[in-house]
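Those letters in the first sequence? Residues 23 to 490, by our numbering. Using N, Cα and C, we set each Cβ at its ideal position, and we do this for glycine too. Only a predicted model underlies this, so the values are computations on that prediction, with no experimental measurement involved. Here's the structure we're looking at; comments come further down.
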Amino acid sequence: MRVGGGARARAPVRRRHGQGRGAVRQPPGADRRHPRRAGEAAAHPGHGPARGREAGRRGVGQGRGLQPGRVDDKTIAESGRRGVRLDELTDLFKREFFADLTALRMLPADHYPRATEHVEDMIALTRRLVERGLAYEMQRSVYFDISKFAAYGRLSRVDRTKIKTGATVDMDYYNKDDAHDFTLVRRSDLAELRRRITYKTEWGNVRPGWHIECAAMASKYLGEQFDIHTSGEDLTFPHNENENAICEALSGRPMARYWLHAGMILRKGKKMSRSAGTALTLRDLLAKGYTGSQVRYYLLGVHYRRHLHFSLPSLDAACKELDRLNALILSLRQVRAAGDPHPEVDRAVEAADADCCDALRDDLNVPQARARLFELVKEINPRLAAGTLTRLDAELVLDYLYRTDRVLAVMDFGAAPTLDERVEALLQERDRARAAADYARADALRAELLALGVTVEDTPAGSRVRRR
RNA sequence: GGCGCCGUAGCCAAGUGGUAAGGCAGAGGUUUGCAAAACCUCCACCACCGGUUCAAGUCCGGUCGGCGCCUCCA
């Protein structure tokens, strides 16, 4: 498998002991509804790994995920607004987050550490940094001294001498040796003290910062270096740079061997944001009647590294495309013809399978794998329409689709439409009417079936049904 | 201002040197009792300018346009 791209060369990923370990940034924080998060998740190779053994076999990698919970300004502020305890709010976010996760058919990670339960680890990590001279205390806050870490800026390709400071931060609020140093733990403010969201340390009452949270939990659960770190391109700097600085300054090795950064989801030409009124969430889409699978398929339509310009028409197009795959599955399941499999079908399936694997192995090129998938569809459909496919052929194709979907997780392999006795009776009656050339009767029966939610399609190999 | 990413048909989107995958929409056709589905055919001067090369969407330089980040909003 290879990952990376853009200006940087793609790098081969070697799986160690046949298993990759990855940390996935997916914080169920106050911004949980942020659609970018959902996009990150679905389009994210980091979740590819979570797709299990089959995914691993297909070269997408597998392993342990990590999704740190958070304690951050927004969540704290939100809990204050709602007048609920911080852990109650994070519990709620966590539940909602898992609901989204399930809707998007993502497999859960192995660990979901809560920041609030790992503050000791964060403080211990901060202490180690101070002891090693990599961080310093200043007015009861502790800052990381980036001058002690020569590789600072390598990951994000940011030249620290050119960072424009104070652009987004009120520098008067902080007292640092160097404006570029970042906060590890910050002294608690009055509101936090009042609400007891604060932790006693040798430096005073503090609250851990974002970067130390992730660094502490990742190193605790994944070790000082793990294989793949996924994130969004907007988090490369400063967050990924900083969490890496913490880890690498201590261990001498980069926090992760590979960093995968997903592109943004744009709407109306801009990164989605609630303040700009351009935010759209998974929940909004589900409310409009789209399924999680459809949204997932849409999000997978763009290579993970590129940005996706969200629009409902393109989502609708993706839905139609997915419908075609699901229709094929249903049709294949209704093939009953006996006989040996055709060698050409076997060859076509094998070739498509190999090509799809290659595409996924090449920096998770899902769009390419998808295109190849449709090329097979075009080979299979004519045989299906002509009724020349045998049951065994159909199973071969179904097996391929199933295996591919172990990675994509977008198709519908649910139980075939179960036909109750009434529907079955109507179908048989319609078949008799058609055989007797009583088409008026047949059409009336089709209308009746449609009213029951069953679409009937006639093929040379007999009628087939779709339930909608 | 700095750093980075991007600009492929009406729309979405692959393609990191050898004369443009796939999907949606559209047009024509085949098949079908009808319908649906499906299949076939058609639909790209790869933002612009210049350069390197036998050969460039693909490499280099420039222009225009879009997006992200620039230390705590995550």
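Quiz item: Would you call the stretch 404 to 419 and the stretch 338 to 349 touching, i.e. three or more CB-CB distances under 8 angstroms?
Solution: no
Candidates G102, R103, H133: which alpha carbon is nearest K116's?
Reading the first sequence from its first residue, position 94 is the one you call residue 116. K116 has its Cα closest to that of H133, out of G102, R103, H133.
Next on the checklist: Can you tell me whether D306 is buried or exposed? The criterion is at least 16 other CB atoms within 10 Å of its CB, across all chains shown.
Outcome noted: Counting from one through the first sequence, the residue named residue 306 turns up at place 284. Looking at its Cβ environment, which holds fewer than 16 other Cβ atoms inside 10 Å, D306 is exposed.
- Item | R216 versus A431: straight-line alpha-carbon distance, rounded | Taking the first sequence and counting its residues from 1, the one referred to as residue 216 is at position 194. Taking the first sequence and counting its residues from 1, the one referred to as residue 431 is at position 409. When rounded, the distance between both Cα atoms is 47 angstroms.
Could you name the residues of the same chain whose beta carbon sits closer than 7 angstroms to that of E451, not counting the 5 residues immediately before and after it, in chain order?
The residue labelled residue 451 in the question sits at position 429 within the first sequence. So the qualifying residues of the chain are L467.
Review point. Roughly how many whole angstroms lie between the Cα atoms of Y320 and D113?
Key: As a working note, residue 320 is residue 298 in the first sequence. As a working note, residue 113 is residue 91 in the first sequence. Distance between the alpha carbons of Y320 and D113 is about 29 angstroms.
Review point. To the nearest whole angstrom, what separates the beta carbons of I234 and L282, a pair I think is in contact under 8 angstroms?
Key: The residue you call residue 234 lines up with position 212 of the first sequence. The residue you call residue 282 lines up with position 260 of the first sequence. About 22 angstroms separates the two Cβ atoms, so there is no contact after all.
Problem set entry | Three-state class that DSSP yields for R154 in the structure shown | The count along the first sequence starts at 1 and reaches residue 154 at position 132. Looking at R154 - three-state DSSP - the assignment turns out to be coil, as it is neither helix nor strand.
Return yes when the Cβ of R208 is within less than 8 angstroms of the Cβ of G226, no when it is not.
As a working note, residue 226 is residue 204 in the first sequence. As a working note, residue 208 is residue 186 in the first sequence. The answer is no: Cβ separation not under 8 angstroms.
Quiz item: Apart from the five residues just before and just after L472, which ones in its own chain have a Cβ nearer than 7 angstroms to its Cβ?
Solution: Here the question's residue 472 lines up with position 450 in the first sequence. The answer is none, since no qualifying residue turns up.
Since F119 and S178 should fall inside the 8 angstroms C-beta cutoff, what is the C-beta to C-beta distance between them, to a whole number of angstroms? As a working mapping, residue 119 is identified with position 97 in the first sequence. As a working mapping, residue 178 is identified with position 156 in the first sequence. The pair is not a contact, with the Cβ atoms about 27 angstroms apart (cut-off 8 angstroms).
Item checked: Environment of L395 [buried if 16+ CB atoms lie within 10 Å] -> Working through the first sequence from its first residue, we reach residue 395 at position 373. By the 10 Å Cβ count, L395 comes out buried.
Using DSSP's beta-bridge definition, name the partner residues of L288.
Counted from its first residue, the first sequence places residue 288 at position 266. Paired residues: K293, H331.
How about G175 and E255: are their beta carbons less than 8 angstroms apart? In the first sequence, the residue the question calls residue 175 occupies position 153. In the first sequence, the residue the question calls residue 255 occupies position 233. No. Outside cutoff.
Can you check whether the CB of Y221 is closer than 8 angstroms to the CB of V141?
Within the first sequence, numbered from 1, the residue matching residue 141 stands at position 119. Within the first sequence, numbered from 1, the residue matching residue 221 stands at position 199. The answer is yes: Cβ separation under 8 angstroms.
Environment of Y165 [buried if 16+ CB atoms lie within 10 Å]:
Indexing the first sequence from 1 puts residue 165 at position 143. Classification of Y165: buried, given that the 10 Å Cβ count is 16 or more.
Is P260 helix, strand or coil by DSSP? Here residue 260 corresponds to residue number 238 of the first sequence, with the count starting at 1. P260 falls in the helix class under three-state DSSP.
Please state the DSSP three-state secondary structure of Y165.
Working through the first sequence from its first residue, we reach residue 165 at position 143. The answer is strand: DSSP assigns Y165 an E or B state.
- Message: Does Q161 pass the burial test, meaning 16 or more other C-beta atoms within 10 Å, or should it be called exposed?
- Response: Working through the first sequence from its first residue, we reach residue 161 at position 139. It is exposed - the Cβ of Q161 has fewer than 16 other Cβ atoms within 10 Å.
- Would DSSP call A77 helix, strand or coil? By 1-based counting over the first sequence, the position of residue 77 is 55. Reliability fails at A77, whose pLDDT of 33 lies under 50, so the model's placement of it is uncertain and the value that follows must be treated cautiously. The answer is helix: DSSP assigns A77 an H, G or I state.
Q | Distance between beta carbons of I145 and T223, contact taken as under 8 angstroms | A | Mapped onto the first sequence, residue 223 falls at position 201. Mapped onto the first sequence, residue 145 falls at position 123. Yes, they are in contact, since the Cβ atoms of T223 and I145 sit about 5 angstroms apart, within 8 angstroms.
### Query
How would you write the range of the alpha helix (DSSP H) that F396 sits in, first residue to last?
Translated into positions along the first sequence, residue 396 becomes position 374. From DSSP, the alpha helix (DSSP H) with F396 extends over 388 to 408.
Report task. Could you please give the first and the last residue of the uninterrupted beta strand (DSSP E) stretch that includes H251? Result -> The residue given as residue 251 occupies position 229 in the first sequence. Looking at the DSSP string, the run of the beta strand (DSSP E) that includes H251 is 248 to 254.
* From the DSSP output, read off the bridge partner residues of K222. => Stepping through the first sequence from its first residue, residue 222 is reached at position 200. Partner(s): N227.
| field | Endpoints, beta strand (DSSP E) assigned at T477 | value | Translated into the one-based positions of the first sequence, residue 477 becomes position 455. T477 -> beta strand (DSSP E) spans 476 to 481.
Next item on the list: Please name the residue, chosen from L406, Q247, V324, H331, that lies closest to A359 on a Cα-to-Cα basis.
Entry: Numbered from 1 along the first sequence, position 337 holds the residue referred to as residue 359. For A359, the nearest C-alpha among the options comes from L406.
What is the DSSP secondary structure of H283, reduced to helix, strand or coil? For the purposes of this step, residue 283 is identified with residue 261 of the first sequence, where counting begins at 1. It is a strand residue.
- Taking the continuous beta strand (DSSP E) assigned at T205, which residues delimit it? Looking up residue 205 in the first sequence gives position 183. That run of the beta strand (DSSP E) goes 204 to 209.
- Query: Straight-line CA distance for P130 to Y280?
  - Reply: Counting from one through the first sequence, the residue named residue 130 turns up at place 108. Counting from one through the first sequence, the residue named residue 280 turns up at place 258. About 21 angstroms.
Taking C-alpha atoms, which residue in Y424, A483, R425 lies nearest to N403?
-> For this step, residue 403 is matched to residue 381 along the first sequence. With distances taken between Cα atoms, N403 lies closest to A483.
> Is it the case that the Cβ atoms of L420 and R355 are separated by a distance below 8 angstroms?
Replying inline: On the first sequence, residue 420 is found 398 positions in, with the first residue counted as 1. On the first sequence, residue 355 is found 333 positions in, with the first residue counted as 1. Contact flag set, yes.
According to DSSP, residues forming a beta bridge with R488:
As a first step, residue 488 must be located in the first sequence, where it is residue number 466. BP columns for R488 point to T477.
*Just curious, the alpha helix (DSSP H) that F120 is in, first and last residue?*
Working through the first sequence from its first residue, we reach residue 120 at position 98. Looking at the DSSP string, the run of the alpha helix (DSSP H) that includes F120 is 108 to 125.
Considering just the uninterrupted stretch of the alpha helix (DSSP H) at G314, what are its terminal residues?
Against the first sequence, residue 314 aligns to sequence position 292. Run containing G314: 314 to 321, per the alpha helix (DSSP H) assignment.
Would you list the one or two residues that DSSP bridges to A99?
Taking the first sequence and counting its residues from 1, one reaches residue 99 at position 77. Note: A99 sits in no beta bridge, so no partner.
Practice item. Tell me whether the beta-carbon of L288 lies closer than 8 angstroms to the beta-carbon of F248. Key: As a first step, residue 288 must be located in the first sequence, where it is residue number 266. As a first step, residue 248 must be located in the first sequence, where it is residue number 226. Going by C-beta atoms, L288 is not nearer than 8 angstroms to F248.
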